[in-house]
Amino acid sequence: MKYVFIINGRAKGKNKELMSRIVSWARTHDSTIHFTKYEKHATYIAKEYASDQNEPVHIFACGGDGLLHEVVNGIAGAAHVTLSVYPSGTGNDFIKSFPQYKREDFMDLSRYEEPVIMRCDLLKMGTEYSINTISFGFDVHVAQYANEFKKKMQFQGIVPYYLGMLKSLTLPLNETYQLQIDEKKLEKKDYAFLVLCNGRFYGGGYQPCPDAQINDGLMNVCMISGVRKYQIVRFSRAYEKGKHTAFTTIYEGAQAKVVHVNTENKIIYANMDGEVAGFRNPTVEVVPSAVQLALPSLK
Numbered sequence: 001m002k003y004v005f006i007i008n009g010r011a012k013g014k015n016k017e018l019m020s021r022i023v024s025w026a027r028t029h030d031s032t033i034h035f036t037k038y039e040k041h042a043t044y045i046a047k048e049y050a051s052d053q054n055e056p057v058h059i060f061a062c063g064g065d066g067l068l069h070e071v072v073n074g075i076a077g078a079a080h081v082t083l084s085v086y087p088s089g090t091g092n093d094f095i096k097s098f099p100q101y102k103r104e105d106f107m108d109l110s111r112y113e114e115p116v117i118m119r120c121d122l123l124k125m126g127t128e129y130s131i132n133t134i135s136f137g138f139d140v141h142v143a144q145y146a147n148e149f150k151k152k153m154q155f156q157g158i159v160p161y162y163l164g165m166l167k168s169l170t171l172p173l174n175e176t177y178q179l180q181i182d183e184k185k186l187e188k189k190d191y192a193f194l195v196l197c198n199g200r201f202y203g204g205g206y207q208p209c210p211d212a213q214i215n216d217g218l219m220n221v222c223m224i225s226g227v228r229k230y231q232i233v234r235f236s237r238a239y240e241k242g243k244h245t246a247f248t249t250i251y252e253g254a255q256a257k258v259v260h261v262n263t264e265n266k267i268i269y270a271n272m273d274g275e276v277a278g279f280r281n282p283t284v285e286v287v288p289s290a291v292q293l294a295l296p297s298l299k
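First residue of the sequence shown? That's 1 in this note's numbering, and the numbers climb one at a time after it.
This is the structure we're talking about:
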C-alpha cells in the first residue's frame with residue numbers, strides 16, 4: 001500500500017505540529033507528500049494516482065472541505081484508491097457526519113494501521129462531484145461571504161458563516177425555479193434554500209438534512225420557501241440544530257436519486273462543498289459507492 005498526503009499549500013510553514021506528525025509517520029511507511037500550489041491542484045495530483053492502477057493507494061486529504069472536494073474530483077470511481085480525511089482546515093463539516101469520532105481521532109495517524117473501511121456515495125452535477133452537500137439560494141451568498149471572511153480575518157468554525165449570513169441579508173432572499181425530484185415535478189415557486197445532502201452538516205455546523213446517510217444510495221433534500229428576512233436569525237438557530245424540520249409551513253423534505261432544477265436557462269449559483277459556481281438548469285444525481293473511505297480505528 002502506498003500512502004499519499006495531499007496538503008493545502010497555505011499550511012506549509014504555518015503548522016509545524018501538523019507537518020511533524022505527518023513527516024514522522026511517513027518515514028516508516030511508503031509515503032509521498034504533496035503541497036498544493038494553485039486552485040484544483042489537489043484534483044490534478046489525486047487524478048495522477050487514480051490513473052495509475054499498478055498498486056493500491058491510500059490518499060489523505062489534509063485541509064478543509066474545499067481540499068477534500070478537489071481530491072474527490074480526482075479519484076471518483078477509482079476502485080484501487082482509498083480516501084481519508086485529515087481535518088487540518090478552517091472548515092471540516094464532512095467529518096461531523098461521523099459522531100462516533102472526535103476531530104483529533106482523524107488526525108491520529110496510528111489509527112489508520114487497521115482502519116474502518118466503508119463505501120461512500122457522491123453527488124454529481126455536470127462533471128463535478130460533491131462528497132457532502134450541494135446547495136442553492138441564500139446560503140450560497142453566505143458561503144461566498146464566509147470564504148471572504150476566512151481569507152481576510154482568519155476566522156474559523158461557524159463565525160464566518162454568521163458574518164456571511166448578516167451580510168447576505170442585504171441581497172434578495174428568494175430564487176424562483178421548478179424542481180423535479182426523481183419522476184415528480186413540483187410547482188414553480190420561490191425558494192430561499194435548496195440543499196441536497198449526502199452528509200449531514202455544512203456551513204460550519206448547520207444541519208439541513210439531519211437524517212442524511214453517506215452510503216444509502218440516496219440524497220436527502222431540504223426545501224425552504226416562504227421565509228422572510230426578519231425570520232432568518234430565529235430560523236438559523238433551529239437550522240443549526242436540525243430542528244427546522246418542525247417549521248412545516250416553510251420546510252419540505254424528500255429523498256431522491258435525481259433532482260433537476262429548471263431555471264428556464266437562467267444562471268443559478270451552487271455551493272458544492274463550499275465551492276461556488278454558476279449553472280443553467282442543473283441536474284444532480286447520486287453516484288452510489290463512488291469512493292472508498294478509510295476511517296480511523298475505534299480504539
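Where is the CB? At the ideal position from N, CA and C, for every residue including glycine.
Please read all numbers here as calculations on a predicted model, not as lab measurements.
- 8 Å or more divides the Cβ of residue 2 from the Cβ of residue 70.
- For residue 263, no beta strand (DSSP E) run applies, since DSSP gives it neither H nor E.
- Take residue 226, set aside five residues on each side of it, and the residues of its chain with a beta-carbon closer than 7 Å to its own are 249, 250, in chain order.
- When secondary structure is reduced to three states using DSSP, residue 34 falls in the strand class.
- Rounded to the nearest angstrom, the gap between the Cα atoms of residue 244 and residue 159 is 20 Å.
- By the neighbour-count definition (other C-beta atoms within 10 Å, threshold 16), residue 51 is an exposed residue.
- Judged by DSSP in its simplified three-state form, residue 19 adopts helix.
- Per DSSP, residue 244 lies in no alpha helix (DSSP H) segment and is marked neither H nor E.
- For residue 103, the three-state secondary structure derived from DSSP is helix.
- Collapsing the DSSP output to three states places residue 153 in a helix.
- By a beta-carbon distance limit of 8 Å, residue 142 contacts residue 165. Their separation comes to about 5 Å.
- Take the alpha-carbon of residue 182 and the one of residue 131: they are about 20 Å apart.
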